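Numbering (our numbering), first residue to last: 150 to 380. Note that the Cβ used here is the ideal one computed from N, Cα and C, for glycine as well. Quick caveat: nothing in here was measured; it's all calculated off a predicted structure. Reading through the structure tokens given below for one structure.
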């Protein structure tokens with residue numbers, strides 16, 4: 150089936166022969182693939198977002214979540230946590246996307262649940278990978294104004310079909326900061342409920358997390374992702 154092409158906020162020339170999932174992935178690995186913008190393949194649609202990043206309600210928030218999870222994964226020798234341009238793909242879900250944050254455990258790589266794929270013409274130096282194929286442990290989407298429906302509806306359903314263990318959603322664009330952790334149910338994501346202190350349980354990291362935000366100096370915003378151990 151050919152893919153429909155979705156443009157969001159800007160125009161970008163897409164080759165006519167990349168309308169299928171396999172062709173799109175070949176394009177991703179080619180030198181012709183654009184170096185800017187977010188370009189995802191979501192259920193037979195090529196979805197493009199060229200809008201500039203909101204410095205505080207996306208960039209700052211994304212950095213806070215990544216930094217906390219990165220530090221945790223490194224300290225516990227759990228695995229790797231990537232930010233932005235780290236591509237994941239899953240043929241079963243017809244998905245090729247670059248989540249805002251992706252966490253993949255050493256166990257997932259060692260058991261073959263996730264395969265690290267090199268570039269088409271990678272150097273001889275080890276560790277030259279550009280894509281993860283399979284089912285990472287956790288992905289995070291920080292809602293952008295130009296891709297709200299994709300971030301909150303289309304991508305989560307594909308992440309579930311891809312077998313991803315846990316999905317986090319953060320939205321700082323509304324009047325009240327939204328932070329959700331979803332675990333896998335039988336046929337769809339199930340929202341975790343906060344405890345009395347506002348912490349939501351992550352099965353992946355076996356810890357509770359709570360996100361808060363407040364204005365900073367000079368008109369910006371600061372975010373704080375707190376973690377607590379669970380008994």
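Any idea which residues DSSP pairs residue i with across the strands?
i: residue 320; result: 327
i: residue 360; result: 374
i: residue 177; result: None, per the DSSP bridge assignment.
i: residue 190; result: 195 and 245
i: residue 292; result: In the DSSP output, where bridge partners are listed per residue, residue 292 has none listed.
i: residue 283; result: 263
i: residue 333; result: 338
i: residue 251; result: 231 and 288
Drop a sphere of 10 angstroms on the beta-carbon of residue i, count the other beta-carbons inside from all chains shown, and report buried for 16 or more, exposed for fewer.
i: residue 255; result: exposed
i: residue 207; result: buried
i: residue 218; result: buried
i: residue 153; result: Low per-residue confidence applies at residue 153: pLDDT is 48, beneath 50, and the placement is therefore not dependable enough to give any value.
i: residue 368; result: exposed
i: residue 362; result: buried
i: residue 198; result: buried
i: residue 299; result: buried
i: residue 151; result: Interpretation of residue 151 is limited by its pLDDT of 48, a score under 50 that renders its predicted location unreliable; the figure taken from the coordinates is listed afterwards. When all chains shown are included, residue 151 counts as exposed.
i: residue 264; result: exposed
i: residue 203; result: buried
i: residue 166; result: exposed
i: residue 344; result: exposed
Among the options, whose alpha-carbon lies nearest the alpha-carbon of residue i?
i: residue 228; options: 333, 377 and 258; result: 258
i: residue 376; options: 367, 342, 165 and 221; result: 221
i: residue 359; options: 369, 246 and 346; result: 346
i: residue 108; options: 211, 243 and 240; result: Limits of the chain in this structure are 150 at one end and 380 at the other, which puts residue 108 out of reach.
i: residue 205; options: 284, 293, 288 and 245; result: 293
i: residue 326; options: 225, 372 and 178; result: 372
i: residue 246; options: 307, 226 and 314; result: 307
With a threshold of 7 Å between beta-carbons, can residue i be considered close to chain D, or not?
i: residue 283; result: Of the protein chains in this structure there is only one, and it is not chain D.
Checklist entry - Any contact of the region 299-309 with the region 187-196, i.e. 3+ C-beta pairs under 8 Å? => result With a cut-off of 8 Å, the region 187-196 and the region 299-309 count as touching, because enough Cβ pairs lie within range.
Item to check | Start-end ranges of the alpha helix (DSSP H) lying completely within the region 192-240, minimum 4 residues | outcome: Note on the region 192-240: whole alpha helix (DSSP H) runs with a minimum of 4 residues are 210-224, in chain order.
Next on the checklist: Can you confirm whether the region 363-379 touches the region 332-340 when touching is taken to mean that 3 or more C-beta pairs between the two stretches lie within less than 8 Å?
Outcome noted: No, the region 332-340 is not in contact with the region 363-379.
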